[in-house]
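*Asks:* Chains as they are written, first to last, in my numbering: chain Z, 11 to 339; chain V, 11 to 339; chain X, 721 to 989; chain A, 721 to 989. Glycine included, C-beta positions come from ideal geometry on N, C-alpha and C.
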Amino acid sequence: MEGQGRIFTEVDPDLLRGCFRSKSKKLTNKVTSVKEAVQIHLHDGDYLAVGGFGGVRIPTALLHEIVRQGRKGLGFAGHPATHDCEILAAGKCFDRCDAAYIIGLEARGIPKMTRKYFESGAVECTEWTNAALSWRLRAAAMGVSFIPARSMLGTDTELHSAAKEIICPFTGKKYLALPALFPDVAIIHVHEADINGNCHIRGILVSDQDLARASKRVIISAERLVPIDFFRDDQEKTTIPYYLVDAVVEVPFGSYPGNMPYEYYSDEEHLQEWLTAEESPETYQAFLDKYLFGIRDFDAYLELCGGTHRMSQLRDLEYLRKPEGEGAD
Amino acid sequence: MEGQGRIFTEVDPDLLRGCFRSKSKKLTNKVTSVKEAVQIHLHDGDYLAVGGFGGVRIPTALLHEIVRQGRKGLGFAGHPATHDCEILAAGKCFDRCDAAYIIGLEARGIPKMTRKYFESGAVECTEWTNAALSWRLRAAAMGVSFIPARSMLGTDTELHSAAKEIICPFTGKKYLALPALFPDVAIIHVHEADINGNCHIRGILVSDQDLARASKRVIISAERLVPIDFFRDDQEKTTIPYYLVDAVVEVPFGSYPGNMPYEYYSDEEHLQEWLTAEESPETYQAFLDKYLFGIRDFDAYLELCGGTHRMSQLRDLEYLRKPEGEGAD
Amino acid sequence: MAYDDPLKARKAKYNGMELLVCVASRYLEDGASVSVGTGVPVAAAMLAQKLYAPNLLVIFEAGGIAPLLPTMPISVGDSRTTHRAIQATSMTEVMDTLSRGLVDYCFLGGAQIDLYGNLNSTQVGTDYRKPKVRFPGSGGANDFGSLAWRTMVVTPQSARRFVPKVDFLTTPGYLDGPGSRERAGLPPGAGPYKVITNLAVLGYHPESKRMMVESIHPGVTLEEVRVNTGFELLVKDPLGTTDPPSEDELRVLREEVDPLKLVIGREAK
Amino acid sequence: MAYDDPLKARKAKYNGMELLVCVASRYLEDGASVSVGTGVPVAAAMLAQKLYAPNLLVIFEAGGIAPLLPTMPISVGDSRTTHRAIQATSMTEVMDTLSRGLVDYCFLGGAQIDLYGNLNSTQVGTDYRKPKVRFPGSGGANDFGSLAWRTMVVTPQSARRFVPKVDFLTTPGYLDGPGSRERAGLPPGAGPYKVITNLAVLGYHPESKRMMVESIHPGVTLEEVRVNTGFELLVKDPLGTTDPPSEDELRVLREEVDPLKLVIGREAK
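1) When the cut-off is 8 angstroms and only beta carbons count, does serine 799/X lie next to chain V?
2) Please list the partners that cysteine 209/Z has in chain V, where partner means a Cβ-to-Cβ separation under 9 angstroms.
3) Name the one or two DSSP bridge partners that serine 322/Z has.
4) Taking DSSP's pairing of strands, which residues face isoleucine 50/V in a bridge?
5) In terms of residue numbering, what span does the beta strand (DSSP E) encompassing valine 258/Z cover?
6) In whole angstroms, what is the alpha-carbon distance linking threonine 249/V and isoleucine 214/Z?
7) Can you have a look at tryptophan 795/A and say buried or exposed, based on whether 16 or more other CB atoms are within 10 angstroms of its CB?
8) For proline 964/A, which residues of its own chain have a beta-carbon under 6 angstroms away from its beta-carbon, when the five flanking residues on both sides are left out?
9) Using a Cβ-Cβ distance cut-off of 8 angstroms, determine whether phenylalanine 180/V contacts chain A.
10) How far does the beta strand (DSSP E) with lysine 914/A in it reach, from first residue to last?
11) Which term fits lysine 989/A, buried or exposed, when burial requires 16 or more other beta carbons within 10 angstroms of its beta carbon?
12) Could you give the C-beta distance for proline 340/Z and isoleucine 17/Z, rounded to a whole number, given that I count them as a contact under 8 angstroms?
13) Just how far apart, CA to CA, sit leucine 312/Z and glycine 207/V?
14) For chain X, check one thing: does any of its Cβ atoms lie closer than 8 angstroms to the Cβ of aspartate 220/Z?
15) Let me check understanding here. Comparing Cα to Cα, which of Glu134/V, Pro262/V, Ile68/V, Asp105/V lies closest to serine 43/V?
16) Can you give me the start and stop residues for the beta strand (DSSP E) that glycine 28/Z sits inside?
17) Skipping 5 residues on each side, what residues in its chain have a beta carbon closer than 6 angstroms to that of aspartate 194/V?
18) Which of the three DSSP states, helix, strand or coil, is assigned to serine 878/X?
19) For tyrosine 329/V, name the three-state secondary structure that DSSP assigns.
20) Cβ of tyrosine 185/Z less than 8 angstroms from any chain V Cβ?
21) I want to verify the contact list: residues of chain V whose CB lies under 9 angstroms from the CB of asparagine 775/X, in sequence order.
22) By the 8 angstroms beta-carbon criterion, what residues does the stretch 155 to 179 of chain V contribute toward chain Z?
23) Which residue comes first and which comes last in the alpha helix (DSSP H) that contains lysine 174/Z?
24) Check arginine 212/Z in the structure and name its three-state DSSP category.
25) Beta-carbon of arginine 81/Z versus every beta-carbon of chain V: anything under 8 angstroms?
26) With 8 angstroms as the threshold, decide whether the Cβ of aspartate 896/X is near any Cβ in chain V.
27) Is the stretch 815 to 823 of chain A touching the stretch 799 to 806 of chain A, taking contact as three or more C-beta pairs under 8 angstroms?
28) List, in order along the chain, the chain X residues whose C-beta lies closer than 7 angstroms to that of leucine 330/Z?
29) Is the CB-CB distance between proline 343/V and leucine 254/V below 8 angstroms?
30) How should glutamine 14/V be labelled, buried or exposed, when 16 other C-beta atoms within 10 angstroms of its C-beta is the threshold for buried?
31) Quick one: using the 10 Å Cβ neighbour count with 16 as the cut-off for buried, is leucine 980/A buried or exposed?
32) Is aspartate 108/Z helix, strand or coil by DSSP?
33) Is arginine 306/Z close to chain X, meaning its C-beta is less than 8 angstroms from at least one C-beta of that chain?
34) Closest to arginine 78/V by CA distance: which of Leu37/V, Arg320/V, Gly304/V, Ala187/V is it?
35) In the structure shown, what three-state DSSP assignment does glycine 736/X receive?
36) Quick check on valine 873/X: buried or exposed, where buried means 16 or more other Cβ atoms within 10 Å of its Cβ?
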């Protein structure tokens, strides 16, 4: 069997080597604004990958900005993509997608208008699994064009992937060769970053270390900026080293309404409001006008959603400071 | 070209899956003695891999015990192997070796009797590179039998490796398929461990995370035992999770005369004494009788080498507390 | 996904969700590892830890390893999944661990399941470019179904869901039957194990690999199970009756595992 | 490895090791990355950082990334290599980074080098099973020689070391000449760059890929270079003379980089 799907990104590691070679390894100030970071580093038609886990540690501020700037024709790595997918679908930003997990919001349900966007034929999908996309990023991080794996074999997921069957020269066993995934741009939200782009992530890493290595350009949003000594004093903090990073923006609560581990829990009420709004085109448009298109920037969004009072509640929830079920009022 | 060297370990991931399946995932007390850990978990003929970087964060106490217990016929991963190689060669413990870096002590020189052991024909070697052995361990950690790489191509290193050339099905480019390396036993020295085997390593990791994942059995020596809450309080500390580990021993200064980052610097005088002793068979035998064969255990070795006074000096050196060049008196 | 209203005879004692959780929990033995999603699986794993398997290693695919779960997570990646955990690692490492054979059990679901335990979580309709309904896709399901030793499916049972052939084979069960997993290149010895529904516990015939009723829940008839299955079901001989939730199970489930009824209260919605 | 006594005319001013370090340092530009070993390479990188390339990214293959080196490391993995570093990572990650094309320069050595820059650090003698002398082997040398953009070799020069054909080709230079790296499957555009010896700076002819003298050190004659080379050397036209170490270079090298003369004092031993 050979996957019939399309590979949306460049696979040749030699082209990527040339690209990575041209990145400066200088320690320089890469701090910019959300607006400029998106303007400068993400272009129509680029292939975009988003850090975090759909509704956990996602770079919401950057995602909103991408929609507001009207980026179109993006490729998108649907590697657990939940609320991030919902945001980009609201802007109809992408037209092709590596689909491992898309559309859904896990146990919360499936947003109908987002699903319609996929069902409409506007998005060309190639199927993968969570492991397959993780390993495709790892192959890229290793600077090779493929990596062998044992998922997907024998299924329609394989048939609609772009993987190819190969034989191990040592054991004669069948494997799937997964093509390396080198995104044009990665956007990743982190706990701390310095001005040079060194980053610290707490909690689950998902695939973000390999994602930062695999991507041609990396935009970081951080809960807070810290001095470089934060990393030089304790190298265990360096989840992503500066030389992989192109732009840094400081956005407190930048993952809201997602869950930022050790910072704030997800705003389930707001996510539910969005999900409910997707029940009809009218309520959907009204919701998006209010919360996404009709506002200036991410700060305005946070204000609209309850501002510091709400953020404090979500922090209480994160730290289990109130009996469960009472914190979200 | 196809590598003419021999693969010393099982490559079939399905056999290994069966082996890993049988490991208990219980949190149980795995603390034992150096002596018992080696007796129970390392057998003649096993393939052994050593954590750390030759003279940095090596499990010296375990290495000495292997020699004193007279283990023979081991396979050995020479993945930067310097002083660890020197110790095992002193016991003529291994007869086959995956050679990436062997014999030498980096800038310190080459121990002559260790070299003679290799030149004598007593050790069958297969050639690799540091990256190749790292990637072979990663392939094993991924549960696959091979991984593609671009080192060694076109060289005698390739010719005397056991790698095979393959073609990428996406780009048509040539790669070397490296066979996965699943050691029978890994011995790794760490900064902190709990009784269950959770481990914390500070500083460079070399390949030790993949090594712990790739090995059928894992013996940990730790500078100190800590409660499990050390890890539950801060999951960033968990370099190696407990379910990979079979035995834990607490050995303060367990990497001496190697360098244990953040703990103590290498004892260059002692390493030099050993190196000089290797100049002739007579001085070599006398040295080994004194420091290795003729003593009871690792505590006795530390005493013989200057005990707590010397360890304090090495700690001062590590922390640069004295002007360089004055600390080693 | 709303679970259909299940049994008739046990209204006063326990509801369908409680039954699912209790039955599922009994399959998890001490010292094993289990990858769980949100909902019934995590409740089952928590219940097992409290009753039978204190050393059950709970793994979340996003990276949470062996947490002390304070409450039900909403996402398999949310911060509850690493609450006082042993490790907060990467999805890549979890998938490596799975591939190496260290994951004993996994729980999966799907819009359709066929007689060989193949699962569809990708789409309704067989035209890939024009699905009637698109679902999220594999996520990690195909990975776990391919590489975990024992796949457990917890799902409501209906003829619409239990189909002769899935529209899209997202996650491998026994594929086309005996030997076909091995022919496809999947690791030997792994695959479908149990299907736990609102009506019955089903397993697979050791030779034919076809789905087989092993026990039916109290108050359910075999005919009901058959009517709610879109293919011919094998029946174990003798056919058992599922042990209903014990008082101990229910007490721990209600008081300690899910006091807010996030999972076991779902039916009431 | 002891460096042969080099030049004649500069005894009062600088020694051979100082010359090697100063000349090597000049090839490292700001914003580039360099993988260094112990000895001359690390001294050259430190000197470059202090004089020309404050943002030179220094990488140690064992995992140390961008340290503020307090003194010379003894091992490429010792704790000096992570002193106030940006990162203490794994060898695997460094090798990945190398493979992705992020390492601009590397420094290598060897017991033998041939006219195409191929290096031998494995053995003397051509019988692999019975070497006359066994050396440590590749270590990371083959990896860097294969995958770093520019390989620098710093070595003493003698006819015994500069041979027509290496006994064992550990690390690729240009292999058999033009196009052979590419035919072997190595990434295009990478490979041998400069050879810096006690006598001269050598490069490679852009078409033939053969070693070529680019400049000879002050007080050295071309004849001396030829006598100390076991194969026919190409000579750049016009042949340059290496700029001797400047006062600035020497001062910073002696006072700041290597005050204990761990590297630059080695000749005196």
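*Replies:* So, from the listed chains and residues:
1) For serine 799/X, the answer is no, since every Cβ of chain V falls outside 8 angstroms of its Cβ.
2) Listed along chain V is no residue with a C-beta nearer than 9 angstroms to that of cysteine 209/Z; the closest approach is about 13 angstroms.
3) Per DSSP, none; premise fails for serine 322/Z.
4) DSSP, once it has assigned bridges, lists no residue as partnering isoleucine 50/V.
5) For valine 258/Z, the uninterrupted beta strand (DSSP E) segment begins and ends at 257 to 260.
6) A direct Cα-Cα distance of roughly 14 angstroms separates threonine 249/V from isoleucine 214/Z.
7) Note on residue identity: the sequence assigns serine, not tryptophan, to residue 795/A. By the neighbour-count definition (other C-beta atoms within 10 Å, threshold 16), serine 795/A is a buried residue.
8) Closer than 6 angstroms at the Cβ level, and outside the excluded window around proline 964/A, lie Pro938.
9) Phenylalanine 180/V does not count as touching chain A.
10) That run of the beta strand (DSSP E) goes 911 to 916.
11) Because the pLDDT at lysine 989/A is just 33, under 50, the model does not fix this residue reliably, and the point stays unresolved.
12) Residue 340/Z lies beyond the range of chain Z shown here (11 to 339); nothing can be said about it.
13) Their backbone Cα atoms lie some 44 angstroms apart in a straight line.
14) When Cβ-Cβ separations below 8 angstroms define contact, aspartate 220/Z makes contact with chain X.
15) Ranking the options by Cα distance to serine 43/V, first place goes to Pro262/V.
16) No beta strand (DSSP E) contains glycine 28/Z, which is instead part of the alpha helix (DSSP H) from 23 to 31.
17) In the same chain as aspartate 194/V, and ignoring 5 residues on each side of it, the C-beta atoms closer than 6 angstroms to its own belong to Asp56, Tyr57, Lys226, in chain order.
18) Here serine 878/X sits in coil by DSSP.
19) Reduced to three states, the DSSP call for tyrosine 329/V is coil.
20) Chain V contact via Cβ: present.
21) Taking the beta carbon of asparagine 775/X as reference, the chain V residues within 9 angstroms of it are Ser34, Lys35, Lys36, Leu37, Thr38, listed in sequence order.
22) Residues passing the 8 angstroms Cβ filter: Ser155, Phe156, Ile157, Pro158, Ala159, Arg160, Lys174, Ile176, Cys178, Pro179.
23) Here lysine 174/Z belongs to no alpha helix (DSSP H); instead the beta strand (DSSP E) covers 174 to 177.
24) In the three-state reduction of the DSSP assignment, arginine 212/Z falls in the coil class.
25) By this cut-off, arginine 81/Z is not an interface position.
26) No, aspartate 896/X lies away from the interface with chain V (no Cβ there is under 8 angstroms from its Cβ).
27) Short answer: they don't touch.
28) Correct list: Pro790.
29) Given that chain V is displayed from residue 11 to residue 339, the structure contains no residue 343/V and the question cannot be resolved.
30) An exposed status is given to glutamine 14/V, since fewer than 16 other beta-carbon atoms sit within 10 Å of its beta-carbon.
31) By the beta-carbon neighbour count (other beta carbons within 10 angstroms, threshold 16), leucine 980/A is exposed.
32) In the structure shown, aspartate 108/Z sits in a strand (DSSP, three-state: E or B).
33) Cβ-Cβ to chain X under 8 angstroms: no for arginine 306/Z.
34) Shortest Cα-Cα distance from arginine 78/V to any of Leu37/V, Arg320/V, Gly304/V, Ala187/V involves Gly304/V.
35) DSSP places glycine 736/X in helix when its eight states are reduced to three.
36) Answer is buried; the Cβ neighbour count reaches 16.
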